[in-house]
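Protein chains in written order, with the numbering used here: chain R, 1 to 265; chain U, 266 to 530; chain F, 531 to 795; chain A, 796 to 1060; chain Z, 1061 to 1325. Ideal placement from N, C-alpha and C gives every residue a C-beta, glycine not left out. Remember, it's a predicted structure, so these values are computed and weren't measured experimentally. Below is one structure, written out as C-alpha cells; the observations come after it.
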Amino acid sequence: MIARLHFITLVLLWGLVGVWIGSVHAEVDRERLLTEAGIYGTFAAFVLDDEWSRLESSMRIARLATLKGVVEQHREKLAIDVYLLRGLSDQADMLFRIHAMELRDTQEFLLDLQSSRFGKHLTGIKVMHGITKKPNYVPGFSDQVRTDLKTPSDAGEKPYAIVIPIKKSADWWELDQEKRTALMQEHTAAALPFLNTVKRKLYHSSGLDDVDFITYFETSSLEAFHGLVLSLQNVKEFRYTRQFGNPLLLGTAHSLDEVIEVLAQ
Amino acid sequence: MIARLHFITLVLLWGLVGVWIGSVHAEVDRERLLTEAGIYGTFAAFVLDDEWSRLESSMRIARLATLKGVVEQHREKLAIDVYLLRGLSDQADMLFRIHAMELRDTQEFLLDLQSSRFGKHLTGIKVMHGITKKPNYVPGFSDQVRTDLKTPSDAGEKPYAIVIPIKKSADWWELDQEKRTALMQEHTAAALPFLNTVKRKLYHSSGLDDVDFITYFETSSLEAFHGLVLSLQNVKEFRYTRQFGNPLLLGTAHSLDEVIEVLAQ
Amino acid sequence: MIARLHFITLVLLWGLVGVWIGSVHAEVDRERLLTEAGIYGTFAAFVLDDEWSRLESSMRIARLATLKGVVEQHREKLAIDVYLLRGLSDQADMLFRIHAMELRDTQEFLLDLQSSRFGKHLTGIKVMHGITKKPNYVPGFSDQVRTDLKTPSDAGEKPYAIVIPIKKSADWWELDQEKRTALMQEHTAAALPFLNTVKRKLYHSSGLDDVDFITYFETSSLEAFHGLVLSLQNVKEFRYTRQFGNPLLLGTAHSLDEVIEVLAQ
Amino acid sequence: MIARLHFITLVLLWGLVGVWIGSVHAEVDRERLLTEAGIYGTFAAFVLDDEWSRLESSMRIARLATLKGVVEQHREKLAIDVYLLRGLSDQADMLFRIHAMELRDTQEFLLDLQSSRFGKHLTGIKVMHGITKKPNYVPGFSDQVRTDLKTPSDAGEKPYAIVIPIKKSADWWELDQEKRTALMQEHTAAALPFLNTVKRKLYHSSGLDDVDFITYFETSSLEAFHGLVLSLQNVKEFRYTRQFGNPLLLGTAHSLDEVIEVLAQ
Amino acid sequence: MIARLHFITLVLLWGLVGVWIGSVHAEVDRERLLTEAGIYGTFAAFVLDDEWSRLESSMRIARLATLKGVVEQHREKLAIDVYLLRGLSDQADMLFRIHAMELRDTQEFLLDLQSSRFGKHLTGIKVMHGITKKPNYVPGFSDQVRTDLKTPSDAGEKPYAIVIPIKKSADWWELDQEKRTALMQEHTAAALPFLNTVKRKLYHSSGLDDVDFITYFETSSLEAFHGLVLSLQNVKEFRYTRQFGNPLLLGTAHSLDEVIEVLAQ
C-alpha cells in the first residue's frame, strides 16, 4: 500500500518534471528515425540482479526515477522503446530498442543507463545492432507482389514483440542477385497473408554484429505470428538460413511508465 | 519436529484461506485449457538459490505460502501444473506447466511469481512456449491408424513427466504435405503400442521459441517410455530431427501442496 | 591433529550407529540391483562450494555425518556407490552411482542428500539415467564371440572408474537389426582382449536423458583402458557415434568412509 | 560535482606526474610497432565487476590513477591502445590493443594491470594474439590491384573500431599458393572501394590462439564498414571461412584520458 | 617494500626448509618420467579467485608457502612443472604439468593442492590427461626422415609453452595403419624444419579425456611456432583433425619460486 502511495506521489512529481524536461530537451524526430533508411537500430537486453528484488519499494522507485531521467535525457537524439521479456524469454528481463543516426549516441545512452543508480542493477546480456536500408529485392518483384506489399497492417494495439536474429549461409551470399530476388519473392509471397496482423521491420547487421539480419515483429496474435514463421520455413530461401533466433526474444511492448510500474512492485 | 508442526498449522490455515479464495476467484475451465486447440502452453523451469537451503524452516514455510497465494490467484485464468525436477534433471529444480488463452496472462503470473517472497529465491533457467493445434496429419492417415489412435491411455497414477523440445531440419519443412503425412503415419504407428502406458501432448513452437515443437509425456513406467523413444528413433521421420531434447527435462508430477511440503523440508 | 582426533571419535560413533542402523534398515539386495535387467542406474555428479573448504574441520566432520546418515538410510532401497572425481575430472568433485527399481526412489535420495547439512555445499552438475537390459545383439553373435564373452574379469582392486555417455547418429537407428548385429559383433571382438583388465557395464538412456547410452568402466590399468578405447575407435561402428564422452568422467572408486575421510581434511 | 572537482584535481596532478614519467621512461617507437612485420599484437578484453559501479567517485578516480600509471610505465616497451566496448558489445566493457616485440612484455603489462588497484575490478574475457607479416599474396596480384592498394585512407577521425577473429577451413589450407592468390585477389578487389573509408590491419594467429587471423578495422562510417563486409561475404574466398567473428567486437577508440573520464563517472 | 621484505625473509626460511625437505623426501627420477613411455601426463589449469587479489601481501606470502610445501612434498613421486597463463590465455591463470607413474598419485597431489590454504583460492578450469607411448608411425618412415628426426633441439632458454589438445575424426581412425603412416610421414616432414627451435612432446588421451592427443611445445620464438602450425595445417593429415586447440593454452614456463614471486605481488 505504502509502496503504491510512494509510486503515485512519484508519478505526480514526474508529471511536473516531464513538463520541465519537455521544455528543455527538444525530442528527436521519432517518426523519421523509425521509417528512414540509414538509421542504426540497437537491441539491448538486460537482466536485473538479485539485489533489485530485495530492495525496499521506496528505494526501487527512487532508482527507477534515474531510469526515467536517463531515457528522457537521451530522447533528444534517440528513439527509445522498451519491452518486458521476463516471464516470456529466459534470456533477459528487459529489452531496449534504440534508433539513432550514429551508434556513438546509442553508446552514450547505454553508458549513462548502466552508470545510473538503476543501471547498477542491470547486467547486459545481448547487444545487437543493424542498419535500416531501402528494400534490396522489391524492385525486382512482380507488380502483383509489389502492390500487395502496400497493404497497411491493421490499426490497434500490438502488445507482443518478437526479435529474431538471422544468419545466412555462405551459399546464400554466393548466389547472384537474380536468384536471390526470385527466392525473396517466394519468401515475400509466403509472408503476404500475415501483413495485416504482423508488423515487420528489418535491420541489416553484417559487420556490426555476429548475425546478418535482425528481424523485428509486432503482433496482437501470436498464433498468427506462428503461422507466419511456419510459412517462411516452408519456402526454399529458408535452406540458406544458418541461424534463425538463438536467441529468439519474445516480450511485451510497454510505455516506459508501465515498465517502471511493473518493476516498482 | 517444530518445522513439521509449523507446516501442519499452515496447511490448516491454507484450508481456510482456500475456502475463501475459492469463493472469490472463479477457477478457469481447466479441462478446456488442457484439451482444446489454440491454447498456449508454457514450460518454465527454475532453480532455487543457495540461500533457500539456508533459511530456517519457519521462514521457508512463510515464503512457500506466497507461492501458494500467487498460484491460487492466477488459477482464475490459467491452468497451472507443477513438477519436481531436482534429483532427476540437472537443468532445474522446479517446472511449471501453464496453459492460457493469452501469453500475456502467463507473463503476469510469472512476473508475480518472481516478485513474490518465494520467487526471489528462483532463477529462471528455461522458458518454452507452444500452441495447441488440431492434428496436422491425422486426417491423411489410414482408417486403421485413426481407429487405433482412439485407444484411451490406462487410468491410474502417472508420476513421471518428461518434456522434450524438438527442432526439425530445413529438409523437413521443404517436404510436401503428402510426404510428411506418410512419414508421420509411420511415426504414429511406431508410437501406437505405447498409447496405453504413455500419455502424450504436443505443442507447436515455431516463432514462439527456438524450437519447433514441445512434446510432453506422462507415464508410470519409464521403461515403457524408453521403449517408445527407441521406436520413434527407428523410423525415417527421425532423420529430419535436428534437435531432440537438449534439454530433455525429467521430473515427477505433484500437487502444489506436495511440492510445498518437499520444499519446506 | 585435532581434526584427526575428531575424525577418529566420529568413526567410533559411526560404528555404533552403524550397528543400530543395520538392525533397523534392512539393506537392499545390492547384488541383484547390480546384475539384473530392468534396473535404473543414475550417475549424479556434484561440485563442492567454496564455503566447504573454509569450514573448520569439526564443522566439516559434523556435516559429513549427515552425508553418511542419508546414504545409510536410503541403502534400504538403493545400491549407492561413490567416487572422487576432483583432480581427475574438471567437471565435478564427487560422483554418485545409484541403482534402483524406480527412479522415484533415486530422486528421494538425491532430494534428501541436497537438503542435508552436507548437501547444502553441493551443486549438481550432471545427472544421467539409464536402464539395464538383456544384451541386444549377443544372441546374434558367433559361438566363438559368445564363448569369449564369458571370460571373467581379473579379480583384485580396480581403483579407476570411467563414465562415458554415448549418443548414436540417426544413421545408426535407421540400420536394420542384422546390420547392427554385424557391427556390434566387430565392436565386441575388438573389446574382447580387454575383458580381463577392464570391467564394463552398459545403461540404456534414450528418453531418460540427452544421450543414448551410459558406459561405465572399472580398471586398475588406465593404459589398458586407453587401449580398449583405441580399439573401439578403430571399428566401423564408431562412425555411427555422434557423441562419445563430453563429458568423459574419470575418478577413483572409494568406500563412503574413505571419501568422508578425504573430504574431512 | 565533487567527483568532477576531484577529477579535475587529479588531471592536474597527472599533468605533473606525466612530465616526470616522460622524463624517466623513454617511450617505445610506436610508429615502428604499428607498421613493421614481426610484431606481436594482443587484443585483451575485460569486464568491470559490479563493485566498481558501487565505489564512491573519489575511490574510482584513485584507482583509475593506477591504470594510468601501469599504462605509462609499460609504454617504454609497448604500444598500447584502449577502446570502450560497453554499450556496443555484450562481450566486454574495455579492450586493450597492445603491440610488442615479445609477448612476454605484453604478459608483464597485463599481469601488472590485473594486480593494480584498478585491475582488481577487471575480469579477463578474451585474449587474442597475432603476429604482423609482410603481405602473403600481394606479390602475385595484378599491377592494377597492387597500384590501387596504395590508395591512402582518408585522414580525419575514425571513432569506431571493429575486431573480427577469423578461422579458415581445412579446405583453405589444402589449396595451393596459386589458387589462394587468385581467391585473395578477388577478395582484395572487393575491398578496394572501401580503402579510403575503412582502415585495416591484419594479424596472423595460427598457433598463438584458437583462430587463424585477427582483422582490425577503424572507420568513421559503420555503414561503409557494413558495405565492406557484405562485399567480402560475396566473394568465393568467404566459403573457406569457418569462423567470422564470434565474437565480433565493436567499440569506440579513445585516448586513455577519455576512457578514464568515462569510467570515473 | 614491506611485502618485499616479508618475501625475502620467507625465501630465506624456505632455503632452510628446502634443505630439510631435501633430506627427507627423496626426489623422483624426473628425467625418467619426462622421457619414458607409459608415463601419465596431466595438464591442470586454474584461475585465482577475486579474494586472492584483495589479500594483504603478508597473507599472500603465507599462503604461497603452502603451495611450495605441497609441491615439494609430492615431488617424491611426481615431476611437477608450473606455468603462468595469466595475460596470455583467457582460460586460466596458472597451469601445472604433472608426470606420474599412476594417475592416483597425481590425484592425491591435486587434492592436497586444492585443500591447501593457497589452493582454496584456485578454481579448476581444465584437467587433461595423456599417456606417453613409443612413436606409433616412426618405424614405418623413410630412413631420411628417421635420421632427420634425431636432430637435437637448440639448447638455451625456451620461455614459451603451448598446449594444444587434438581430436581426430572417425575417418582418421578408420584408415589402415599404412595410410596413416604415409600421412604422418608427410606431417613429420613438414615439422622437421622447426625441430631445432620448437621442442615437442606428445601425450595420448583417448579414453582418459575428451580429446585424442595433447601436444605440448616449448619455444623461444613464437614466430617460429606460428610457422610450424602453418606448416602442419598445410598437410593432408590436418583434414582428419576435428578439434585443434579449443582451448589452445599459451603461457610462460617458470620455476616454482618465480611463479610464487609473481603471485606474491
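- For the stretch 1165-1196 of chain Z, the set of positions with a beta-carbon nearer than 8 Å to some beta-carbon of chain A is empty.
- Taken through DSSP and simplified to helix, strand or coil, Gln795/F comes out as coil.
- Sorting Gly1098/Z, Gln1325/Z, Tyr1143/Z and Val1223/Z by C-alpha distance to the C-alpha of Leu1155/Z places Tyr1143/Z at the top.
- The Cβ-Cβ distance between Asp1153/Z and Leu1108/Z falls below 8 Å.
- Among the CB atoms of chain F, one or more fall inside 8 Å of the CB of Gln530/U.
- Contact of Trp703/F with chain U by beta-carbon distance below 7 Å involves Gln498, Asn499 and Phe503.
- Annotation: the continuous beta strand (DSSP E) that includes Glu218/R extends over Phe213 to Thr219.
- Segment contact: the stretch 415-425 of chain U against the stretch 367-376 of chain U, fewer than three CB-CB distances shorter than 8 Å; contact not assigned.
- Closest option to Ile744/F, judged by alpha-carbon separation, among Ser672/F, Arg590/F, Leu752/F and Thr771/F: Thr771/F.
- Against chain F, the CB of Leu320/U has no partner CB under 8 Å away; the residue lies outside that interface.
- For a Cβ distance threshold of 8 Å, residue set Gln763, Phe768, Arg769 and Thr771 of chain F lies close to Ala1230/Z, ordered along the chain.
- Only residues of its own chain outside the window of five on either side were considered, and among them Ala1104 have a CB closer than 7 Å to the CB of Leu1170/Z, listed in chain order.
- When C-alpha distances from Phe238/R are compared across Glu186/R, Arg97/R and Asp209/R, the shortest belongs to Glu186/R.
- Within chain U, no C-beta atom comes nearer than 8 Å to that of Asp580/F; the closest sits roughly 11 Å away.
- Rounded to whole angstroms, the separation of the alpha carbons of Lys688/F and Ala754/F is 12 Å.
- Non-local beta-carbon contacts of Val693/F in its own chain, meaning distances under 6 Å to residues more than five positions away in sequence, involve Phe573, Tyr746 and Leu779 in chain order.
- Around Arg995/A, the same chain offers Ala986, Thr1010, Tyr1011 and Phe1012 as residues with beta carbons nearer than 8 Å, after the five sequence neighbours per side are excluded.
- For the stretch 69-94 of chain R, the residues whose beta carbon sits under 8 Å from a beta carbon of chain U are, in order, Leu84, Arg86, Gly87, Leu88, Ser89 and Asp90.
- In terms of beta-carbon proximity, Ile957/A lines the interface with chain R, with at least one pair separated by less than 8 Å.
- Taken through DSSP and simplified to helix, strand or coil, Ala489/U comes out as helix.
- Under the DSSP assignment, Leu625/F falls in the beta strand (DSSP E) whose first and last residues are Met624 to Ala630.
- DSSP, reduced to helix, strand and coil, places Arg54/R within a helical segment of the structure shown.
- Neighbours of His491/U in chain F, taken as residues at a C-beta separation under 7 Å, are given in chain order as Ile661, His734, Ser736, Gly737 and Leu738.
- Residue state for Phe648/F is assigned as coil, using DSSP reduced to three classes.
- Selection Asn1256/Z, Pro1253/Z, Ser1229/Z and Val1198/Z evaluated against Met1244/Z yields Val1198/Z as nearest (Cα-Cα).
- The alpha helix (DSSP H) runs of length 4 or more contained entirely in the stretch 644-689 of chain F are, from start to end of the chain, 673-678.
- Glu178/R is classed as exposed because its beta carbon has fewer than 16 other beta carbons within 10 Å across all chains shown.
- Close CB contacts of Leu78/R within its chain, under the 8 Å cut and outside five residues either way in sequence, are with Val28, Leu33, Ile98, His99, Ala100, Asp105, Thr106 and Phe109 (chain order).
- By the CB criterion at 8 Å, His1181/Z and Tyr1100/Z fall outside the cutoff.
- For Leu828/A, no beta strand (DSSP E) encloses it; the enclosing alpha helix (DSSP H) starts and ends at Arg825 to Thr830.
- Between Val229/R and chain U, the shortest Cβ-Cβ separation is below 8 Å.
- Here Thr572/F carries a strand assignment [DSSP, helix/strand/coil].
- With a threshold of 16 other beta carbon atoms within 10 Å, Gln144/R falls short and is exposed.
- For Leu997/A, the uninterrupted beta strand (DSSP E) run begins and ends at Val993 to His999, by DSSP.
- Proximity to Leu353/U across Gly516/U, Val527/U and Gln530/U peaks at Gly516/U, based on C-alpha coordinates.
- Between the beta-carbon of Lys697/F and that of Ala567/F there is about 22 Å, and that puts the pair past the 8 Å contact cut.
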